[in-house]
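The sequence shown begins at 12 in my numbering and counts up by one.
For each residue, glycine too, the CB sits at the ideal point set by N, CA and C.
Please read all numbers here as calculations on a predicted model, not as lab measurements.
The next block holds one structure in the form of C-alpha cells; read it before the comments.
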Amino acid sequence: MATALLPVSAWANPFASLPLLPSSEITATGKTLFTLENGDYVQPHFSPDSRYLAFAREVLEGSTELTEILALDLKTLKVKTLLDAKASREFAMYRSYVAGFSWKDATTLKASISDGDVNGVDLIIDAAAGRLIEKKPISLAEPHGDPSAEFAAVFPSIPPPVLDNALANGYRVGNKKYVVQKNYWKQDNHIWLLDAESRKMAKLIEIPDMWIYSLRGAFASGNALILLVAYGPEAYLVRHSGGKLELLYRFPVKNYQQVGMHVEPGRGDRTLFQIITGPSYEKRENYFFLYDKAGLKKIKDVTAIYDLDVDSAAKLVCFSQWKNDKRILVVRELKNFR
12 MATALLPVSA
22 WANPFASLPL
32 LPSSEITATG
42 KTLFTLENGD
52 YVQPHFSPDS
62 RYLAFAREVL
72 EGSTELTEIL
82 ALDLKTLKVK
92 TLLDAKASRE
102 FAMYRSYVAG
112 FSWKDATTLK
122 ASISDGDVNG
132 VDLIIDAAAG
142 RLIEKKPISL
152 AEPHGDPSAE
162 FAAVFPSIPP
172 PVLDNALANG
182 YRVGNKKYVV
192 QKNYWKQDNH
202 IWLLDAESRK
212 MAKLIEIPDM
222 WIYSLRGAFA
232 SGNALILLVA
242 YGPEAYLVRH
252 SGGKLELLYR
262 FPVKNYQQVG
272 MHVEPGRGDR
282 TLFQIITGPS
292 YEKRENYFFL
302 YDKAGLKKIK
312 DVTAIYDLDV
322 DSAAKLVCFS
332 QWKNDKRILV
342 VRELKNFR
C-alpha cells in the first residue's frame, strides 16, 4: 500500500503551507547534583545502572588537540581519569578525540577514539577499576541484527542496494517498522514508512527531488510519528498521525546534513529528545524537547546546550553547556512529569 499525502513539485517546500502548531515551554530539571567547570567537557554518557557517567575532556597541547576520558562516580561524586591526554597522543594523526562512548555492561566502557584522519581505536575500559582492558582497531558499528533480509522478502519491489541504503540510514520506529528515505540514484527522495509486520509501505511525505538526505530523525509516540526534516538553512519538526501532517517547530540550521535527533529514554507516553543543529566541530547550541500526548514542549531552564545524556531511568540528565568558549558539565535531577 502506498499513499501520497503532499503532492509537490520538484522544488516546492512541502512544509511551507503548514500552519505552525502552538508549543509551550517547561522547566524540566530540579536539583543540581554536580558541576565541573575546569576544562572543556563533551560526550556525557551514563552507565546502564546510572552509577557512572563517562565523559571526555578536550585538551590543547601546543597545536595538537588531544583528549582525556573521565568517569564520575555518582555515588561518591568523585571523578577518576581513565585515559589522560598524554596517553591519547599515541592515537593522534592530526588530533585525538572521542568519537563515541557505549557501555558493554554496568562497568565496562567502550571508548572509540578517532585519530583525526581515517583511523582510530576502540578502548575497552573497566570504569570501576580505572584500567584499560583491551585496545583494538576501531569498529564502525556494533554487531546487531540486520533487518535487510527480512524487509527484502516483504518489499521485493525495492532493489536490494536501495533497500540496504534506506534501512542503514533510516530510523526504527517500532517492531519491524522503519521510517526511511531511499537517497539513491534514479529513486525518489520521499519519506516512507516500511512496516514489515503488516507488509505495508506508506508514503508519509512527498519530498522534492533536491531534498536528498533531508530526513534527519524519527521516533514513534503512541499512534503518531515525529519526524525531523531539514534542507537548506531550515529544519522542520513535524507530526504524522491519522494521515495528517502537522508542523510542530521550525528552526534555522547551518548545514542541514549535519542536523540530527537524539532520542532519550522516556517513561510511558513522554519522550525526551535533543535536536542537534550543526557539526560537532562548530560552536552551536542545541535544543532539548519533551513530547507527550499534550504536544511539544521546549525545555527552557537550560541554555547553550552543546550535548546531553539522560540516564536509563529518566531521572538524571547531564548537560554539556557552553560557558564562554568552553563547555562545562552539569548533572541535574529530572522532574517526573506524570
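Residues bridged to residue i [DSSP beta-bridge criterion]
i	result
R183	Y189
E72	T75
T282	Y302
V342	F45, C329
E245	Y242, P263
P30	Partner(s): none; P30 has no beta bridge.
I287	G271
I310	I37
A231	L236
K147	D133
V321	V328
I316	N297, Q332
N216	Here the sequence assigns Ile to residue 216, which means Asn is not the residue at that position. In the DSSP output, where bridge partners are listed per residue, I216 has I202.
E257	R250
L226	V240
K337	K334
K211	D206
Minimum C-alpha distance to residue i - residue among the options
i	options	result
V328	D312, I316, D336, L345	L345
A235	K91, V184, L71	V184
I135	T118, G127, D128, D126	T118
Y52	W196, Q269, V109	V109
P25	S58, I216, G253, V341	I216
N212	H201, L258, W222, P219	As written in the sequence, residue 212 is Met, which differs from the Asn given in the question. Closest option to M212, Cα to Cα, is H201.
S323	L32, P55, E48, S61	S61
Q269	V173, G228, V165	G228
V249	V173, F57, G306	G306
D175	N186, F162, D116	F162
S113	G141, A164, Q54, K326	Q54
S35	D303, D199, K91	D303
D280	G243, Q192, F230, N180	F230
K86	T282, L283, F57, M104	F57
S209	L71, F166, L226, E257	F166
Y224	Y267, G254, W203	Y267
T282	A325, F330, N335, V90	A325
P59	P33, P244, K115	K115
K308	L259, L340, E296	L259
Classification of residue i by the beta-carbon crowding that lies within 10 angstroms, buried from 16 upward
i	result
T288	buried
P290	exposed
P263	exposed
Y247	buried
G131	buried
R338	buried
Y292	exposed
H155	Note that H155 scores a pLDDT of 49, beneath 50, so its modelled location is shaky; the value from the coordinates is reported in the next line. Its Cβ having fewer than 16 others within 10 Å, H155 is exposed.
R343	buried
A160	exposed
M12	Model confidence at M12 stands at a pLDDT of 40, short of 50, so the residue's coordinates are unreliable and nothing is read from them.
V129	exposed
M272	buried
L239	buried
Y63	buried
A21	Residue confidence is low: A21 scores 47 on pLDDT, short of 50, so the model does not pin down where it sits. Its coordinate-derived value is still stated next. With fewer than 16 other Cβ atoms within 10 Å, it is exposed.
A152	Because A152 carries a pLDDT of 48, less than 50, the predicted location of this residue cannot be relied on, and no value is offered for it.
For residue j and residue i, believed in contact at Cβ under 8 Å, the rounded distance
i	j	result
E79	S99	7 Å
Q332	I310	Going by Cβ atoms, the distance from Q332 to I310 rounds to 13 Å, so no, they are not a contact pair.
L178	Y189	6 Å
V313	F299	7 Å
A138	A65	7 Å
M104	G73	The Cβ separation is near 15 Å, so there is no contact.
(message) Which complete alpha helix (DSSP H) runs does the stretch 53 to 134 hold, if anything under 4 residues is left out?
(response) 96 to 99
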